[in-house]
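Have a look at the structure below before the remarks.
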Amino acid sequence: MENILEVTNLCKKYDNFELKNITFNLPKGMIMGFIGENGAGKTTTIKAILNIIKSYSGEIKILGLNNREYEKKIKEDIAVVLDDMFFPEILTPNDINNIMKSIYKNWDSKMFFKYLQKFSLLPNEQIKTFSKGMRKKLEIITALSHHPKLLILDEPTSGLDPIARDEILEIFQSILEKDECSILLSSHITTDLEHIADYITFINHGEILLSKTTNELLEKYGIAKCTEAEFKKIAKNDYLKYKKTKYEYEVLVPNKKDFKEKYGIAIIDKITLDDLMVLMIKGEK
Amino acid sequence: MIGFIKKDFAMIKSNFKLLGILTIIYLIMGLIGTMDLSFILPLISITIMISTFSYDNYNKWDAYVISLPNGRKNSVKAKYITTILMTLITSIAGMIVSFIISYYNTNTVNLEQIILSMLSAIFSTFLVLTFMYPMIYKFGIEKSRIGMLLFFFGFAIIGSIVAKANSSIVADLSLFFQKWQIVILTILPIFLLFLSYRISLKLELKKEF
Chain D
53 MENILEVTNL CKKYDNFELK NITFNLPKGM IMGFIGENGA GKTTTIKAIL NIIKSYSGEI
113 KILGLNNREY EKKIKEDIAV VLDDMFFPEI LTPNDINNIM KSIYKNWDSK MFFKYLQKFS
173 LLPNEQIKTF SKGMRKKLEI ITALSHHPKL LILDEPTSGL DPIARDEILE IFQSILEKDE
233 CSILLSSHIT TDLEHIADYI TFINHGEILL SKTTNELLEK YGIAKCTEAE FKKIAKNDYL
293 KYKKTKYEYE VLVPNKKDFK EKYGIAIIDK ITLDDLMVLM IKGEK
Chain W
307 MIGFIKKDFA MIKSNFKLLG ILTIIYLIMG LIGTMDLSFI LPLISITIMI STFSYDNYNK
367 WDAYVISLPN GRKNSVKAKY ITTILMTLIT SIAGMIVSFI ISYYNTNTVN LEQIILSMLS
427 AIFSTFLVLT FMYPMIYKFG IEKSRIGMLL FFFGFAIIGS IVAKANSSIV ADLSLFFQKW
487 QIVILTILPI FLLFLSYRIS LKLELKKEF
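Sequence order for the protein chains is D and W.
Here the numbering used here = 1-based position in the first sequence + 52.
Here the numbering used here = 1-based position in the second sequence + 306.
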């Protein structure tokens, strides 16, 4: 499958933080959830992809092109929604349309106004009169209205109520159906990703811990509940992390079926992305 | 780049009403014989243009710009072009006011005097912004305001010291200015503005977010 985004051995060092050999690929037409706790390196990775930060090593290819050499060409075909970064709030959606049609060759005013109407955003109202959810919708509509091939979103649903979140997720799904667009979506709200992401990439302390399909993660991975005696029989290679609770051991296993057959442990719960994050970050090995 | 110029004009469009009112006030003041203050109009461009940086800064526009095609370069270029256009618009308004006042009060128009007066106002506007813009791109809008106050304060102190210490220097400067006033008022601000643009662009391209 053709990759729309390829990040290979990305490294960037700050005084108190570093990205270490970040490597992952986003196939065309797919949504990738980019998860990790605060300060894990999600935004820094996104900034490197966008060439916002300098002096990093490794290679980033977007649409098969190096992001440094072909920055201008690439930026015609990508769209970005970054946390709290947008047009000055004294502007109106009408102004945005007027501005963007001179910036993007493929700007689609018809689509922009269609989405404004769909989400009840008034074209002549200043952005400052919009609620947080309305602003976020406007940011996303603006990002989508030049038919990008890759959409990069940093925490697009954070701070929104469930209704607004649901509407925003609906937008993503609808554009994936219509356009051949791929999405890299960084979020803390992992339940949203379970519903829409095809791939999950998990970053922690500047390192990629895993990058897999959501189905593989949610279907194959599991949490085995066992006693201390049962836990002591488990080979270290057969689990990823474990957590000792008051009454039992919770063991994160990469293949529920194989684990059950090998150790005969009856209770292996389905995993959620939240469970996965907590156990991978807080669990022991 | 046109999109970025449109954005800056969209932000300052609300100021045009105020500019219109001020133009009328200055015109009335001139007509009733108080004084001709139309040279202030180009200087108002300074406040208006600097306010656009405040709006940009509040919504982290500079960071958003980077996601747009050729965003950094075009946004800096657009800021300078909008400044030139804005100064020209206010200068033309000022010249029209001066023209009407002069004709109404004396039945004659000293066009040379009007042009020189406006060129001086444009020169002052460009001079301030020439220093101000690179400072904003380097230190941000808040620190730059303090920096600019210190700059003017220092400039005023040095000026007064020089004037007191040796009045012949002031006389020489005055003569020099009279001799070269057209060059100083036309070519120098364009050169300074271009230099300022190159510095601002370099600073913006170096910035990390």
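For every residue, glycine included, the Cβ atom is placed at its ideal position computed from N, Cα and C.
{"Check": "If you follow the alpha helix (DSSP H) that residue 348 of chain W is in, where does it begin and where does it stop?", "Outcome": "346-364"}
{"Check": "What are the residues in the region 224-252 of chain D lying within 9 angstroms of chain W by C-beta distance?", "Outcome": "none"}
{"Check": "What is the DSSP secondary structure of residue 84 of chain D, reduced to helix, strand or coil?", "Outcome": "strand"}
{"Check": "Report the three-state DSSP secondary structure of residue 337 of chain W (helix, strand or coil).", "Outcome": "helix"}
{"Check": "Mind checking whether residue 517 of chain W and residue 336 of chain W have CB atoms under 8 angstroms apart?", "Outcome": "For chain W, the structure presents residues 307 to 515; residue 517 of chain W sits outside this window and is missing."}
{"Check": "List, from N- to C-terminal side, the alpha helix (DSSP H) runs of 4 residues or more that fit wholly inside the region 133-160 of chain D.", "Outcome": "145-155"}
{"Check": "Drop a sphere of 10 angstroms on the beta-carbon of residue 538 of chain W, count the other beta-carbons inside from all chains shown, and report buried for 16 or more, exposed for fewer.", "Outcome": "In the structure as shown, chain W begins at 307 and stops at 515. Residue 538 of chain W is therefore absent and cannot be evaluated."}
{"Check": "For residue 308 of chain W and chain D, any beta-carbon pair shorter than 8 angstroms?", "Outcome": "yes"}
{"Check": "Give the interface partners of residue 367 of chain W over in chain D, defined as CB-CB distance under 9 angstroms, in chain order.", "Outcome": "137, 138, 139 and 140"}
{"Check": "According to DSSP, simplified to helix, strand and coil, what is residue 76 of chain D?", "Outcome": "strand"}
{"Check": "Per DSSP, what kind of secondary structure is residue 334 of chain D in: helix, strand or coil?", "Outcome": "helix"}
{"Check": "DSSP three-state call for residue 282 of chain D: helix, strand or coil?", "Outcome": "helix"}
{"Check": "Can residue 348 of chain W and residue 424 of chain W be called in contact, C-beta distance under 8 angstroms?", "Outcome": "yes"}
{"Check": "Going along the chain, which residues of the region 141-155 of chain D sit with their C-beta nearer than 7 angstroms to a C-beta in chain W?", "Outcome": "141, 142, 143, 147, 150, 151, 152, 154 and 155"}
{"Check": "By a C-beta neighbour count over all protein chains shown, 10 Å radius and 16 as the cutoff for buried, is residue 267 of chain D buried or exposed?", "Outcome": "exposed"}
{"Check": "In three-state terms, what does DSSP make of residue 292 of chain D?", "Outcome": "coil"}
{"Check": "Cβ closer than 9 angstroms: which chain D residues qualify as neighbours of residue 416 of chain W?", "Outcome": "Within 9 angstroms Cβ-Cβ: nothing; residue 416 of chain W doesn't reach chain D, min ~41 angstroms."}
{"Check": "Kindly say whether residue 59 of chain D, judged by its beta-carbon, lies nearer than 8 angstroms to any beta-carbon of chain W.", "Outcome": "no"}
{"Check": "Measuring alpha carbon to alpha carbon, tell me which of D:147, D:128 and D:197 ends up nearest residue 178 of chain D.", "Outcome": "D:147"}
{"Check": "Spell out a yes or no on whether the region 98-111 of chain D and the region 173-188 of chain D are touching, meaning 3 or more CB-CB pairs, one atom from each, closer than 8 angstroms.", "Outcome": "no"}
{"Check": "Report yes or no: do the region 67-75 of chain D and the region 85-105 of chain D share at least 3 C-beta pairs separated by less than 8 angstroms?", "Outcome": "yes"}
{"Check": "Looking at chain D, is there any beta carbon in it that lies within less than 8 angstroms of the beta carbon of residue 444 of chain W?", "Outcome": "no"}
{"Check": "By DSSP, does residue 110 of chain D sit in helix, in strand, or in coil?", "Outcome": "strand"}
{"Check": "Is DSSP giving residue 339 of chain D helix, strand or coil here?", "Outcome": "With chain D represented from 53 up to 337, any question about residue 339 of chain D goes unanswered, as that position is not in the structure."}
{"Check": "Return the residue from the list W:325, W:499, W:476 and W:493 that minimises the CA-CA distance to residue 396 of chain W.", "Outcome": "W:325"}
{"Check": "Please state whether the Cβ-Cβ distance between residue 137 of chain D and residue 369 of chain W is less than 8 angstroms.", "Outcome": "yes"}
{"Check": "Between the alpha carbons of residue 153 of chain D and residue 117 of chain D, how many angstroms are there, rounded?", "Outcome": "25 angstroms"}
{"Check": "Check whether the Cβ atoms of residue 497 of chain W and residue 490 of chain W lie closer than 8 angstroms to each other.", "Outcome": "no"}
{"Check": "What does residue 439 of chain W reach in chain D if we use C-beta pairs closer than 8 angstroms?", "Outcome": "In chain order: nothing, as chain D lies at least about 17 angstroms away."}
{"Check": "Closest by CA to residue 260 of chain D, which one among D:76, D:289, D:64 and D:202?", "Outcome": "D:76"}
{"Check": "What does the Cβ neighbour count give for residue 485 of chain W, buried or exposed, with the cut at 16 atoms within 10 Å?", "Outcome": "exposed"}
{"Check": "Can you confirm whether residue 102 of chain D, when its beta carbon is compared against all beta carbons of chain W, has any partner nearer than 8 angstroms?", "Outcome": "yes"}
{"Check": "Short of 7 angstroms Cβ to Cβ, which residues in the region 111-134 of chain D face chain W?", "Outcome": "124, 127, 128, 132 and 134"}
{"Check": "Put residue 211 of chain D into one of helix, strand or coil per three-state DSSP.", "Outcome": "coil"}
{"Check": "Just to confirm my understanding: we take residue 160 of chain D, look at its own chain, exclude 5 residues before and 5 after, and list those with CB closer than 6 angstroms. What are they?", "Outcome": "197"}
{"Check": "Report the start-end ranges of each beta strand (DSSP E) in the region 191-251 of chain D that is 3 residues or longer and not cut off at the edges.", "Outcome": "202-206 and 234-238"}
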